[in-house]
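Here is the structure we will look at, set down as structure tokens.
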Amino acid sequence: MDKISFDEAKYKTLLHDTSISEQHRVLIEELLEAAGQLSAENMRLRRTLLRVSSNGPRMSTKLKDALYE
88 MDKISFDEAK
98 YKTLLHDTSI
108 SEQHRVLIEE
118 LLEAAGQLSA
128 ENMRLRRTLL
138 RVSSNGPRMS
148 TKLKDALYE
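For the sequence shown, the numbering used here gives the first residue as 88, with consecutive numbering after it.
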């Protein structure tokens, strides 16, 4: 899976570019806000997944070895 890179600073500098229309500026602001929300949700989901997976029942080493034989 490819990791999508997002350079927030680059898009924030576009907001100050005078050659960009107001409509495009609004769209960029909306995209930046959505990206921030998605990033925060991604972190919450990762923490939840790690917490749930670490508390799950573990297979004993002896049982695992027996199953692999």
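Glycine is no exception: its CB is placed at the ideal position from the N, C-alpha and C atoms.
Annotated three-state conformation of D104 is coil, per DSSP. For the pair K99 and G123, the Cα-to-Cα distance works out to about 13 Å. The beta carbon of L118 is closer than 8 Å to those of Y98 in its chain, skipping five residues each way along the sequence. If you draw a straight line from the Cα of S92 to the Cα of T135, it is about 23 Å long.
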